[in-house]
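Student: Before anything else, here's the structure in question.
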Amino acid sequence: DVKVTQSSRYLVKRTGEKVFLECVQDMDHENMFWYRQDPGLGLRLIYFSYDVKMKEKGDIPEGYSVSREKKERFSLILESASTNQTSMYLCASSLPGQTYEQYFGPGTRLTVT
Amino acid sequence: GNSVTQMEGPVTLSEEAFLTINCTYTATGYPSLFWYVQYPGEGLQLLLKATKADDKGSNKGFEATYRKETTSFHLEKGSVQVSDSAVYFCALSDLGAAGNKLTFGGGTRVLVKP
């Protein structure tokens, strides 16, 4: 069965902290994505990666960076967390050429105080 | 750029009622259209898709028809169940654009009461 897992379901961090969100998929997918989900705004793409060590900016990359050292793992990094980064973060993966069928993890609800 | 507009929720219905969620889009190319569903506490999952004009996608009793003339992709189900309570997202993928990204609408929360 297809599976995308995220390291935490809930996370509380302080302003200015460095935050790591981890995502692992077991489907051998080349493509991986990070989104944030906010009420009324839907999902907005932060970054995506189509291969190991490759990354592309999405629609809202400011304040975030990513790392993809292994095919199955895609990390989202908040270099200095701010309160406006309080959100639900969703990771997804897909096969190349089938980016419409993305498999999502359950999400990490991050609160920055 | 591409955009997707959905009706705002929440939509509250009784079991066995008819459900419609409106979705319209703006796209520069010839997009494929999708509905994703997010059940409580879970990630999104693909519900149905349509890749060209007049295609009808269907799954689990849900249907949506790709209407190019009205740039719409409304989701319908004839008789909802409590288990259909979820957030529904309309999305498009412009396969001609670099990166083949998905663009999502704001989501519509549906609550079905027994």
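In order, the protein sequence lines correspond to chains A and B. The opening residue of the first sequence carries number 16 in this note's numbering; numbering runs sequentially from there. The opening residue of the second sequence carries number 983 in this note's numbering; numbering runs sequentially from there. Virtual Cβ for every residue (Gly too), placed ideally from N, Cα, C.
Can you pull the chain B neighbours of GLU116 (chain A), defined as C-beta to C-beta under 7 Å?
Tutor: Within 7 Å Cβ-Cβ: LEU1028.
Student: Is the Cβ-Cβ distance between THR123 (chain A) and ARG29 (chain A) less than 8 Å?
Tutor: No. Outside cutoff.
Student: Go to ARG88 (chain A), then tell me how far its beta strand (DSSP E) extends in each direction, as first and last residue.
Tutor: 88-93 is the extent of the beta strand (DSSP E) around ARG88 (chain A).
Student: Please state whether the Cβ-Cβ distance between TYR115 (chain A) and PHE1055 (chain B) is less than 8 Å.
Tutor: Cβ distance not < 8 Å, so TYR115 (chain A) and PHE1055 (chain B) don't count as in contact.
Student: At which residues does the beta strand (DSSP E) containing VAL1064 (chain B) begin and terminate?
Tutor: Element bounds for VAL1064 (chain B): n/a, residue is neither H nor E.
Student: Alpha carbon to alpha carbon, how far is THR965 (chain B) from ARG83 (chain A)?
Tutor: What the structure shows of chain B is the stretch from 983 to 1096, and residue 965 (chain B) is not part of that stretch, so it cannot be assessed.
Student: Starting from GLY1088 (chain B), find everything on chain D with Cβ-Cβ shorter than 7 Å and list it in chain order.
Tutor: Within the model displayed, chain D is absent; protein chains A and B are what it includes.
Student: Within 10 angstroms of its Cβ, does PHE1071 (chain B) collect 16 or more other Cβ (buried), or is it exposed?
Tutor: The residue in question, PHE1071 (chain B), is buried, as its Cβ has 16 or more Cβ neighbours within 10 Å.
Student: Would you mind telling me which residues of chain B sit closer than 8 Å to LEU60 (chain A), beta carbon to beta carbon, in chain order?
Tutor: Within 8 Å Cβ-Cβ: LYS1083 and LEU1084.
Student: Comparing the C-beta of ASP105 (chain A) with each C-beta of chain B, is any distance below 8 Å?
Tutor: For the sequence presented, residue 105 (chain A) should be read as Leu rather than Asp. Chain B, which has a Cβ nearer than 8 Å to the Cβ of LEU105 (chain A), makes this yes.
Student: Within the 8 Å Cβ cut-off, does GLY120 (chain A) reach chain B?
Tutor: With 8 Å as the cut-off, GLY120 (chain A) counts as an interface residue toward chain B.
Student: Which bits of chain B does VAL19 (chain A) rub up against, with CB to CB less than 8 Å?
Tutor: Near VAL19 (chain A) (Cβ distances below 8 Å), the residues of chain B are GLY1025.
Student: Per DSSP, GLU1045 (chain B) forms a beta bridge with which residues?
Tutor: Answer is B:SER1040 and B:GLU1058, bridged to GLU1045 (chain B).
Student: Skipping 5 residues on each side, what residues in its chain have a beta carbon closer than 7 Å to that of ASP44 (chain A)?
Tutor: The question names Asp, yet the displayed sequence has His at residue 44 (chain A). Contacts found: SER108, SER109 and LEU110.
Student: Do we get a CB-CB distance below 8 Å when we pair PHE1016 (chain B) with the residues of chain A?
Tutor: Yes, PHE1016 (chain B) counts as interfacial toward chain A.
Student: Roughly how many angstroms lie between the CA atoms of GLN1063 (chain B) and SER80 (chain A), to the nearest whole one?
Tutor: Approximately 41 Å, taken between the alpha carbons.
Student: Is the beta carbon of LEU93 (chain A) sitting closer than 8 Å to the one on GLY73 (chain A)?
Tutor: Contact flag unset, no.
Student: Please list the terminal residues of the continuous beta strand (DSSP E) segment that includes VAL986 (chain B).
Tutor: 985-988 is the span of the beta strand (DSSP E), which, as asked, contains VAL986 (chain B).
Student: Rounding to the nearest angstrom, what Cα-Cα distance links ILE1003 (chain B) and ILE61 (chain A) in this structure?
Tutor: Distance between the alpha carbons of ILE1003 (chain B) and ILE61 (chain A) is about 27 Å.
Student: Can you check DSSP and say which residues form a bridge with LEU36 (chain A)?
Tutor: A:LEU91, per the DSSP bridge assignment.
Student: Which residues mark the beginning and the end of the beta strand (DSSP E) in which GLU993 (chain B) is found?
Tutor: The identity of residue 993 (chain B) in the sequence shown is Val, whereas the question assumes Glu. That run of the beta strand (DSSP E) goes 993-996.
Student: Is DSSP giving ASN46 (chain A) helix, strand or coil here?
Tutor: DSSP places ASN46 (chain A) in strand when its eight states are reduced to three.
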